[in-house]
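This note's numbering puts the last residue of the sequence shown at 468; the count rises by one with no breaks. Quick notes on the structure that follows.
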Amino acid sequence: MDMASPSFFTNENFMPHGMCYLWQPNILWTSVISDVLTAFAYFSITAAVIIFVKKRHDLPYPWFFLLSGSVIFLACGISHLISAIVIWEPIYGISAVAKAITAITSVATGIVIWFILPFFLKLPSPSMLEKKNSAIQDSLNKLKLTQKSLVESKKMASLGGLVAGVAHEINTPIGIGITASTHLSDATTSINDKYTNAQMTNNNLKSYLAEVNEGTNLINSNLVRAAKLITSFKQVAVDQSSKDIRTYKIKEYTNEVLQSLKPKFKNTNISIKLNCDDNLTVTSEPGAFAQIITNLVINTLIHGFENIKTGNINIDITRKQDTVCFVYTDSGKGINIENKEKIFEPFFTTKRGKGGTGLGLNIVYNLVVESLKGSIKLNDDFAQGCQFIIEFPININH
Ligand SMILES: Nc1ncnc2c1ncn2[C@@H]1O[C@H](COP(=O)(O)OP(=O)(O)OP(=O)(O)O)[C@@H](O)[C@H]1O
Ligand SMILES: [Mg+2]
71 MDMASPSFFT NENFMPHGMC YLWQPNILWT SVISDVLTAF AYFSITAAVI IFVKKRHDLP
131 YPWFFLLSGS VIFLACGISH LISAIVIWEP IYGISAVAKA ITAITSVATG IVIWFILPFF
191 LKLPSPSMLE KKNSAIQDSL NKLKLTQKSL VESKKMASLG GLVAGVAHEI NTPIGIGITA
251 STHLSDATTS INDKYTNAQM TNNNLKSYLA EVNEGTNLIN SNLVRAAKLI TSFKQVAVDQ
311 SSKDIRTYKI KEYTNEVLQS LKPKFKNTNI SIKLNCDDNL TVTSEPGAFA QIITNLVINT
371 LIHGFENIKT GNINIDITRK QDTVCFVYTD SGKGINIENK EKIFEPFFTT KRGKGGTGLG
431 LNIVYNLVVE SLKGSIKLND DFAQGCQFII EFPININH
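Given below as structure tokens:
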């Protein structure tokens, strides 16, 4: 066919079937083999794209991938295959349709891609994600460290609270002692004056002796009380700052801890009842036990009895074979259903920004599980107030 003749643009004699390829078989075969290989490569790409889109559910614009990935490649592949077949079979009509489909999908993709390009440019690359990941990991590590030191300082703060409790409790007997001794000293000066001026009567001496008797008794009993408080607080304080395991009477010890919390109940009408066998003895970590009670009681005061002045706290301690069952109940506001699952999580608090850090019950949980080797749960069915059930071995060494 004469390509330069004007009849090229007319329908007469338009493209009779015949291939030239300069009559060189090597050109023909190179072209045919290349077309077939390209076709199969495109089919393989199509299959891969379809699998990719199907498996990656989070892929943005999946239709775009299907259009640009599978339809174009499928159309291109078919076009190439037909180009190879056309050399022997004159299926020009089919070839033209295949080419038209390839052209339409390619043009559509060519246009759409400019709209989608900004979105893909914004997508973080794997190396950017890796950098972000390691930054997040870093801050997570820092957060864990902060949490650890916060937990430690909160434990120490409860020790500080204990010291304040001790100071307050000892204040009363010492104050009484000072008043009594001042009074005795005044009475002694007065009787001494009377004696030196030879004005002392029998009655003066009698009443002075009675005052001395009463005063020394008062001083003595109050000093004994102060000494007792110091001994018991000393034990609780030492326990709280150490992790020692020892054998102790749980009722007596619980009372000592409650005693140290007494100042916090000032101006309230909240009664605490402790039910426990006097002789129940446990071998465990008393410091952890003291911190658990302290946190539970403080929570009751701050959350349970917020704006409530009257209520009860009941502590029941019983033995169940080799386990101590410690049930703490308060008659306060209770905990909302949606919060019940979260209360043991670190930093969960309903008093954020109002003094709550949300670490108290997390510390309690860890102390029960790690130090006492026990378990703690919030009684879900409890209607009024809240109830915690703690169980731990009576002897941690067994
Ligand atoms: N006895 C209770 N009555 C009602 N709600 C409670 C009681 N105990 C705990 N909660 C709820 O559980 C949440 C978590 O308690 P947690 O002791 O862990 O933190 P917090 O008391 O808010 O703060 P922190 O103890 O660190 O000062 C509290 O914010 C409160 O909403
Ligand atoms: Mg708390």
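Note that beta-carbon positions come from the ideal geometry of N, C-alpha and C, so glycine has one too. Computed from a prediction, not measured in an experiment: that's the story for all the values here.
Taken in chain order, no unbroken stretch of beta strand (DSSP E) lies wholly in the stretch 181 to 250 with a span of 3 residues or more. Our two residues, residue 455 and residue 341, have alpha carbons roughly 14 Å apart in a direct line. For residue 131, no pairing in a beta bridge is given by DSSP. Here the alpha carbons of residue 190 and residue 167 stand approximately 32 Å from one another. Bounds of the alpha helix (DSSP H) holding residue 430 are 430 to 436. The Cβ-Cβ distance between residue 412 and residue 373 does not fall below 8 Å. Of the other Cβ atoms in all chains shown, fewer than 16 fall within 10 Å of the Cβ of residue 408; this residue is therefore exposed.
For residue 371, the shortest C-beta to heavy atom distance toward ligand 2 is 7 Å or greater. The C-beta separation of residue 394 from residue 461 comes to about 7 Å, placing the pair in contact by the 8 Å criterion. If you look at residue 149, you'll find it in the alpha helix (DSSP H) that goes 142 to 156.
Pairwise C-beta distances place the stretch 103 to 116 in contact with the stretch 141 to 149, as three or more of them are shorter than 8 Å. The beta carbon of residue 452 sits no closer than 7 Å to any heavy atom of ligand 1. The three-state secondary structure of residue 425, taken from DSSP, is coil.
Taken atom to atom, the span from the alpha-carbon of residue 259 to that of residue 266 is near 11 Å. For residue 244, same chain residues with a beta-carbon under 8 Å away, outside a window of 5 residues either side, are 292, 296 in chain order. The three-state secondary structure of residue 161, taken from DSSP, is coil. Taken through DSSP and simplified to helix, strand or coil, residue 467 comes out as coil.
Annotation: the continuous beta strand (DSSP E) that includes residue 389 extends over 380 to 390.
Spanning the alpha carbons of residue 415 and residue 329 requires a straight line of approximately 29 Å. Shortest gap from the CB of residue 437 to any heavy atom of ligand 2: 7 Å or more. Between the C-alpha atoms of residue 316 and residue 421 there is a straight-line separation of about 36 Å. DSSP links residue 316 through a beta bridge to 354. Inclusion of residue 431 in the 7 Å shell around ligand 2 follows from its C-beta lying nearer than that to a non-hydrogen atom of the ligand.
With a cutoff of 7 Å, residue 413 does not count as near ligand 2, since its C-beta is closer than that to no heavy atom of the ligand. Taking every protein chain shown into account, the CB of residue 369 has 16 or more other CB atoms within 10 angstroms, so this residue is buried. It is roughly 18 Å from the alpha-carbon of residue 320 to the alpha-carbon of residue 312. According to DSSP, residue pairing for residue 91 in a beta bridge does not occur. DSSP places residue 396 inside the beta strand (DSSP E), whose first and last residues are 393 to 400. Note that the stretch 374 to 387 does not touch the stretch 432 to 440; fewer than 3 beta-carbon pairs, one per stretch, sit closer than 8 Å.
Pairwise C-beta distances place the stretch 332 to 348 out of contact with the stretch 299 to 311, as fewer than three of them are shorter than 8 Å. Nearest Cα to residue 457 within the set 105, 446, 125, 94: 446. With a threshold of 7 Å, the Cβ atom of residue 449 does not count as near ligand 2, since no heavy atom of the ligand is closer than that. Between residue 331 and residue 364, the beta carbon gap of about 6 Å places them in contact (Cβ cut-off 8 Å). With a cutoff of 8 Å on beta-carbon distance, residue 429 and residue 224 are scored as near each other.
If you compare the alpha carbons of 392, 448, 376 with that of residue 424, the shortest gap goes to 376.
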